[in-house]
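Notes follow once the structure below has been shown.
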Amino acid sequence: MEVELRGIDANGGACYIGTGCFHRRESLLGKKYREATKVDWSNNRHTKTEESIDVLEETSKPLASCDYEENTQWGKEVPLSLSLSLSLDNHIIFYSIRLQQVANYGTVHYMGYTRKIRTILCRVAMGLMYGCPVEDILTGLVIHCRGWRSVCFSPQRKGFLGAAPTTLLQTLVQHKRWTDGDLQIFLSRYCPLLLGYKKIPLRHQLSYLPYLLWAANCLPLLYYAIAPSLCLLRGISLFPQAKCHKLIMVILFQQMSNLWAVPFIYVFVGNRVYSLVELLSCGGTFQEWLNDQRMWLFKRATSYFFAFFENILKLVGFTKSAFALTAKVADDDVSKRYEQELIEFGTTSPMFTILTTLAVLNAIGFCWGLKMLILGEPSLVLNPFALQAILCGLWVFINLPIYQAIFLRTDKGKMPASVTCQSIMFALVACSIALY
């Protein structure tokens with residue numbers, strides 16, 4: 006997030022993601038940006054008031070309560086005059102940070118996230134775009150289209166730290182909700198290309214699209230996870246065959262030693278090495294980096310797929326929007342396995358069924374591909390199924406935690422037997438259809 010938000014900031018202003026943000030009251034009340042809204046902090050005199058920690062704690066409790074907005078107009082569409090007539094003098098403590106950026110921008114993104122700050126933002130002023138699973142993204146987009154700018158502010162000492170999911174299922178459910186809401190925005194009249202037309206720069210509109218089109222990433226990933234294995238079983242090469250294939254493979258390996266191939270190899274390898282060094286410099290481990298790479302693929306195969314499928318059903322009128330809560334409280338055993346960098350399974354879910362089915366399918370395809378390589382063309386370079394077998398082998402490596410959860414692990418975080426049986430059955434049915 007540190008890198009992405011700064012990149013979007015250079016294109017016109019970081020998008021409003023989650024919590025840890027300070028908003029100008031006018032930006033949330035639906036007002037458009039005007040030069041008159043700027044505040045010259047150099048002429049203002051700030052007084053510093055010292056209060057005991059007990060007084061500050063008692064003052065903060067009402068703002069952090071879950072029933073603070075009951076029987077009020079907060080979060081609802083109200084006339085602007087009613088919004089302006091609200092008295093918020095009791096909340097001035099949360100604006101005492103005195104950031105100059107707050108005066109000149111609509112939103113300041115304060116790195117570090119917590120649910121308590123979200124409560125503060127929702128209660129301080131009305132204007133959040135409720136009715137969408139990702140009301141933060143939608144609200145930030147609307148604020149940008151009204152002329153307000155946002156800025157990233159990342160102090161060395163984090164101001165707000167919060168809880169995050171510690172299990173695989175919780176993470177997948179959370180990303181499914183985010184992806185679902187993002188695709189809803191893209192398919193609605195709030196699409197940045199429509200709402201932001203002539204309001205924000207084109208590069209700023211395009212900066213939103215990688216998030217809003219997360220769900221579409223499931224289609225190519227599922228193809229590369231399923232097609233190579235089934236085609237190996239059927240004896241179908243996904244790449245050119247016979248003399249044409251041999252010629253292309255020879256040229257490909259010759260070009261690998263050409264200087265023109267160096268930039269492409271550098272981009273592929275350098276991206277992985279850079280992400281690894283970045284994570285290690287932040288106190289992470291190599292295993293954590295591997296799990297992070299796997300998580301991207303797991304999310305694409307499950308969270309993005311379910312979000313994409315549900316949005317299609319909503320468009321045709323079969324289902325309605327539902328908000329799925331994310332549990333962020335874990336027991337001692339789960340926390341211990343999380344500290345040991347073990348991926349937590351331990352429960353039944355359709356998402357785990359999909360992941361396990363893909364893992365079993367690619368294991369079968371990889372074994373079948375090895376057999377074809379051993380018994381087929383003696384030259385690995387000229388074998389038409391070599392690249393498919395390598396691709397299946399890469400999937401097997403990615404799915405190693407799933408194989409461990411199925412066959413090796415004995416703790417409560419292992420894969421449930423029911424999920425394993427269902428996945429093996431689905432994989433065998435798919436293989437049978439491919440063979441016959």
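So the sequence shown is numbered by our numbering: it starts at 6 and just counts up by one. All C-beta atoms in this analysis are idealised placements derived from N, C-alpha and C, irrespective of residue type, glycine included.
query                                                                                                             : result
Contact belief for L177 with T353 at Cβ below 8 Å, rounded distance in angstroms                                  : Not confirmed; about 13 Å, so no contact.
Nearest-angstrom Cβ-Cβ length linking R194 and P138, presumed shorter than 8 Å                                    : Not quite, the Cβ-Cβ distance comes to about 17 Å (not below 8 Å), so this is no contact.
Candidates F314, G240 and R208, of which the one nearest Y441 by Cα                                               : G240
contact_flag[the stretch 428 to 441, the stretch 353 to 363] where n(CB pairs < 8 Å) is 3 or more                 : yes
Bounding residues of the beta strand (DSSP E) (the contiguous stretch that carries F27)                           : C26 to H28
Local conformation of V156 per DSSP, three classes                                                                : strand
Option nearest T144 by Cα separation, candidates P225, I22, I403 and T290                                         : I22
Cβ shell of G201 (< 6 Å), same chain only, five flanking positions each side left out                             : C150 and Q210
With 16 other Cβ atoms within 10 Å as the buried cut-off, status of A168                                          : exposed
Sequence-distant residues of its chain with Cβ nearer than 8 Å to F303 (five each side left out)                  : L173, L177 and L360
Reference E9, options V156, S32, G136 and R305, closest by Cα                                                     : V156
Beta carbon of L443 nearer than 8 Å to that of W294                                                               : Absent from the structure is residue 443, since the part of the chain shown begins at 6 and ends at 441.
Within 8 Å, strictly: CB atoms of F313 and M420                                                                   : no
S57 to A69 span [Cα, whole Å]                                                                                     : 19 Å
Local conformation of W219 per DSSP, three classes                                                                : coil
Closest by C-alpha distance to S242, when choosing among K36, L399, P389 and V424                                 : P389
Pairwise C-alpha distance: G289 and Y279                                                                          : 13 Å
Complete runs of the alpha helix (DSSP H) confined to the stretch 336 to 364 [at least 4 residues]                : 337 to 344
Of the listed residues C287, A232, R277 and F323, nearest to Q161 (C-alpha basis)                                 : C287
DSSP three-state assignment for N296, whether helix, strand or coil                                               : helix
Start and end residues, alpha helix (DSSP H) containing C150                                                      : E140 to C150
D416 beta carbon less than 8 Å from that of R342                                                                  : yes
Among L318, C196, I205 and M134, the one whose alpha carbon lies nearest that of I13                              : I205
Per-residue burial, R208 [other beta carbons within 10 Å of its own, 16 or more giving buried]                    : exposed
Nonlocal neighbours in the same chain, by C-beta distance under 6 Å from Y216, ignoring five residues either side : D187
C-alpha gap between N16 and L199, whole angstroms                                                                 : 18 Å
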